[in-house]
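Engineer:
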Amino acid sequence: MTTAELRRELFGHADKNYLNHSRGFLSWALTLDHKRIGIMYLVGVTVALLLAGVFALILRTHLWYADSGMLSDATYNKMFTLHGAIMVFSFIIPSVPAALGNFVLPMMLGAKDVAFPRLNLASFYLWIFGTAFLLLALVTGSLDTGWTFYTPYSIETQTSVVYATFGAFILGFSSIFTGINFLVTVNTMRPAGMGWFQMPLFIWALYSTAIIQILATPVLGITLLLLMAERILGVGIFNPELGGDPVLFQHFFWFYSHPAVYIMILPAMGVISELIAVYSQKKIFGYSFIAFSSVAIAILGFLVWGHHMFTSGQSMVVNLIFSAITFSVAIPSAVKVFNWLSTLYKGSILLSTPMCYALSFIFLFGIGGLTGLFLGALSTDIHLHDTYFVVAHFHFVMVGGTLTALLGGVFHWWPKMFGRMYNDLLGRIGCFLVFTGFNLTFFPQFVMGARGMPRRYASYDPEFVIFHQWSTIGAFVLGLGIVLSVFTLIYAALYGRKVTGNPFNGASLEWQSSSPPSFHNFEHQVHMHDPYDFGDLVFDEQLDSWVHREFMEPDKRPAPVPSVH
Amino acid sequence: MAVVEPVHDAHHDDHHGHGEFIAHHFESAEQQYDSGKLGIWVFLVTEVLFFSGLFVAYTLWRSHHPEVFQQAHVFLDKVLGGINTVVLLFSSLTMAWGVRAAQLGQNKTVANMTLITMVCAAMFLGIKAVEYSHKWDIGLKPARDYTYSGLHAEATYPLAVAMGISDWLVILSIIPALLLAVFVGMAVFLRLTSKPVLSQLFVGLAITVGGYFLGAVGGQVYMKAMDGGGEHAAQAPVVLHASSLERQDGPAVEPESGQDPAAGGHENADSQTTAQQAADHGPGHDDAAHDDHAHAADAHAGDSHAAHSNDPHMPDPDKLSRDVRIFFSIYYCMTGLHAFHILGGIAFLSWIYYRSLENHWRPDYFGPVDYVGLYWHLVDLIWIYLFPMLYLID
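Quick mapping for you: the protein sequence lines, in order, are chains A and B.
Heads up, the first sequence is in the numbering used here, so the first residue is 2 and it goes up one at a time.
Heads up, the second sequence is in the numbering used here, so the first residue is 206 and it goes up one at a time.
#1: Which residues in chain B have a C-beta closer than 8 Å to the C-beta of Val-185(A)? List them in chain order.
#2: Just checking my contact of Ala-560(A) with His-230(B) at CB under 8 Å: how many whole Å lie between their CB atoms?
#3: Thinking C-alpha only, which one of Gly-241(B), Ala-277(B), Trp-266(B), Leu-265(B) is nearest Ser-526(B)?
#4: Counting only Cβ pairs nearer than 8 Å, list the residues of chain B close to Leu-101(A).
#5: Since Pro-573(B) and Arg-560(B) are thought to touch, with beta carbons under 8 Å apart, how far apart are those beta carbons, to the nearest angstrom?
#6: Strictly below 9 Å CB to CB, what residues from chain B border Phe-249(A)?
#7: Compile a chain-ordered list of the residues in the stretch 272-286 of chain B whose CB is closer than 7 Å to at least one CB of chain A.
#8: Under 8 Å between C-beta atoms, does Pro-219(A) make it to chain B?
#9: Which residues, in order along the stretch 328-352 of chain B, keep a beta-carbon less than 7 Å from a beta-carbon of chain A?
#10: Is there a Cβ of chain B sitting closer than 8 Å to that of Leu-216(A), yes or no?
#11: Buried or exposed, going by whether 16 or more other CB atoms sit within 10 Å of the CB of Ser-399(B)?
#12: What residues are listed by DSSP as bridge partners for Asn-522(A)?
#13: Taking C-beta pairs closer than 8 Å, name the residues in chain A that Phe-255(B) reaches, listed in chain order.
#14: Could you work out which residues of chain A lie near Tyr-537(B), taking near to mean beta carbons separated by less than 9 Å?
#15: Could you work out which residues of chain B lie near Asn-1(A), taking near to mean beta carbons separated by less than 9 Å?
#16: At what residues does the beta strand (DSSP E) containing Asp-462(A) begin and finish?
#17: Establish whether the CB of Lys-79(A) and some CB of chain B are separated by less than 8 Å.
#18: Could you pull out every unbroken alpha helix (DSSP H) segment of at least 4 residues lying fully inside the stretch 255-303 of chain A, listed in chain order?
#19: Can you give me the C-alpha to C-alpha distance between Phe-280(B) and Gly-331(B), rounded to a whole angstrom?
#20: Please work out which residues of its chain come closer than 6 Å, Cβ to Cβ, to Asp-454(B), disregarding the five sequence neighbours upstream and downstream, and give them in chain order.
#21: Quick check on Asp-521(B) - is its C-beta less than 8 Å from some C-beta in chain A?
#22: Going by DSSP in three states, Arg-567(B) sits in which element: helix, strand or coil?
#23: What does Thr-189(A) touch in chain B if you count any residue whose Cβ is under 7 Å from its own?
#24: From the DSSP output, which residues share a beta bridge with Ser-546(A)?
#25: Taking Phe-253(A) as the query, report the chain B residues whose CB atoms sit under 7 Å from its CB, ordered along the chain.
#26: For a test of the three-state rule: what should DSSP assign to Met-195(A), helix, strand or coil?
#27: By DSSP, does Arg-24(A) sit in helix, in strand, or in coil?
#28: Determine contact between the stretch 227-245 of chain A and the stretch 341-358 of chain B, defined as no fewer than three beta-carbon pairs at a distance below 8 Å.
#29: Using the C-alpha atoms, what's the distance from Ile-238(A) back to Asp-465(B)?
#30: Would you call the stretch 264-284 of chain A and the stretch 184-191 of chain A touching, i.e. three or more CB-CB distances under 8 Å?
#31: Go through its chain and collect everything with a Cβ distance to Thr-361(B)'s Cβ below 8 Å, but skip five positions before and after it.
#32: How about Thr-82(A) and Asp-145(A): do their beta carbons lie closer than 8 Å?
#33: Cα separation between Gly-244(B) and Met-428(B)?
#34: What are the start and end residues of the alpha helix (DSSP H) that includes Asp-342(B)?
#35: Under the rule that 16 or more other beta-carbon atoms within 10 Å means buried, what is Tyr-126(A), buried or exposed?
#36: Span of the alpha helix (DSSP H) holding Asn-340(A)?
Structure, rendered in structure tokens:
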């Protein structure tokens, strides 16, 4: 058999794939293909990231001087609110699951699509509408409540709370639909031979995330609905003037929004598990511990919402319980970090761009997680509550954690998505800028937070000037790093060196498809395989790809997928 | 979606073959059915959690302010609520029957059962519209607009005056009336253009809207009957639960609660002022409420206009806690959200109805009927909780 024939059998026609399967705007707008939906999500969340990132840079520029007056106080309030709302609801929550997960999850399961492709597309359109409503709020008086919409201020303010709330409400349903889809797909569409403990860890992470999306997001839905009813109908449930209870809003809100933190970080951890294993070329250490720690984080995440409310006047007993459970979340998180480090030990580490991001993640998430313990401790939290320490903490987790993992994951799967290789040097420079800029931005914020700089202030005491200026410089370096990374990726998709199926010696099933995959994902029956056993793949020079050893023997080659209709 | 020509014996018809409705990414009908079933159950979990926020709010308020619930539940009509409960339970029966028929491939039965379910759903909304409009009529609105004074708002719309109903009921019925006209028009148009199945769909939708008017008219007739009977039966205002009154108002208002029944009209007119003042004062505690009562007593002498349609069934607004308004907020949020789910149910059911007319269901393909059935049962189940929680407080 010639190389060309083998290539066609394993990877199909090089020029026929999901990207050029059909053409035209409608073939994308009405597609039910999980890969195209994943790509559209990726484009969408990137736009949201850049928009909210620009807001962040404007805020940082304003904070260069102690009392710069560049923005009016009201504008400053609106800007940090929209920075937060867009970043949280339109970017971070859908980023890894809806963009990367959509592309990768069905392929990791050897499936042709997710269980409910139409629901998947609906989820994307809900994302569009929800984000559009957030932007509508931006142009109709904006929003100045902070992304948390705390009552009673959100009832009184003259800004367009209803549009923004409705946007977040819709985005919640988008997230629920993704969660339902993934949960059902994993449950019912695993191929024969793939038990729960043969799944890649990214799937475990997405599964745990789906559980949170399904159980927590509806509570956000009803909370925001009640807030809208509060403003439109005056129902008074959260309004003290009408006899309502504003702290109840905080309970409802954090019952969602704390688990939502794990919607943001769990899929990122899943990405890191994949990256660490592939770029160490070593079986992941403690598979079942990593898998179960995802589930444990998902469950514990529901029991800690009260730690956002230590200063709200809730009872000391409740504070103590929430504080204790908060500490327990550190255990499964540390289990993961321990296992990643153990996987690195004696691995053959390849410091390519995705691995650089993965190592950045471990470092930054470590700091973000450990500073969370300061805030979970009752006595220190009284001092640190509502200071820049909190801001630095959650940015270390959300940006240092999720954004870093997203970038690493995108670099890792980019050749799979577009069949072209990125420039590794540019990618690593981008990673270096992101890592450096990020630390420069947020590390000073820990210090000034601990010294008493309150968050959300448009002007501040001159003693903090130096910290703010470091932070602002860092923010621009971070922005530069992100822009460089985006540029590197887009350039690669257009002009990069062509690659075939498996350029990185990945062992999970998605690497058995061609790059980019064909419309039905696989040309041949998937060869069931341990996702972390890298030993029995060999690099074939002529195919320019890693392939399973057995595939080289004609009688062990997998059967082609039966043609559909 | 492939469309099958109407065949009377779809499940014996091998011509159409298996896999017609199996999506390309599923390996078998079983896998598709199991996925859908798991999906709908997970969705129902999200629905339960969606309502859970309101159940938590209810529980908190009931435990913190039990007297409010004691005072307010008398405004909810147990008979109308009970009829609605029966209507929904019956619709669950027809829904389950429809699912069974779909499993057997009896498309005609599925269509009929779905239609009955839809009519019941619309009837529920019709009765609910009567209940809502009556409450808005006497000022029992969500907290901010709560203006209960024991007075009926007088109907001003000519149509409402002519029919002897409230303006609110007319407003609530505008959309159903428009829909009825559109559906009948569509049914006739599609019949004329030889699209019998679509025409039949719109006939079904028109009948469904008819169910709304059936419920609304029936409910209204019942309300009128109760009003008429009431004038003969009881002259004195319904006395609130004595213990709850003491807990709320304390001894300070004793003189007022023992007022001469003959001054009933005046008293009600005054208490409008009271309610107004309480609303204006905003946050206030029982002490503040006492002051308001005192003011109301002062104003009593100067106020002379009598109540025009004083309903002897209506509790004395003076004796209601100011927090009673929150009960109505919770009531409207819970029943309103439930009503939106009924509307969604009607939309899903009409999709099932259409596909039944197209003879889509076969023993190996009936998933959608099953899924919509599960959703419908959940919506019923939520009402089964709402009814005792709101109406049957004692």
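C-beta atoms are modelled at their ideal positions from N, C-alpha and C, and glycine is treated no differently.
Structural biologist: Taking the definition as stated:
#1: Ser-240, Leu-243, Gly-244, Val-247
#2: No, Ala-560(A) and His-230(B) are not in contact; Cβ-Cβ is about 19 Å, not under 8 Å.
#3: Ala-277(B)
#4: Near Leu-101(A) there are no residues of chain B at all, since even the closest Cβ is about 20 Å away, more than 8 Å.
#5: 7 Å
#6: Sequence inspection shows Leu at residue 249(A); the Phe mentioned does not correspond to that position. Simply Val-261, Ala-262, Leu-265.
#7: none
#8: yes
#9: Pro-347, Ala-348, Arg-349, Asp-350
#10: yes
#11: exposed
#12: Ser-519(A)
#13: Pro-219, Val-220, Gly-222, Ile-223
#14: Ala-230, Leu-234, Val-236
#15: Since the first residue shown for chain A is 2 and the last is 566, residue 1(A) is missing from the structure and cannot be characterised.
#16: It is not in any beta strand (DSSP E) - Asp-462(A) carries neither H nor E in the DSSP assignment.
#17: no
#18: 288-301
#19: 18 Å
#20: Unreliable positioning characterises Asp-454(B) in this predicted model, as indicated by a pLDDT of 41, which lies under 50. A coordinate reading is not provided.
#21: no
#22: strand
#23: Gln-236, Asp-239, Ser-240, Leu-243
#24: Asp-541(A)
#25: Gly-258
#26: coil
#27: coil
#28: yes
#29: Below a pLDDT of 50, predicted positions are generally treated as unreliable, and Asp-465(B), at 41, falls in that range; no measurement from the model is reported.
#30: no
#31: Asp-372
#32: yes
#33: 43 Å
#34: 312-342
#35: exposed
#36: 317-345
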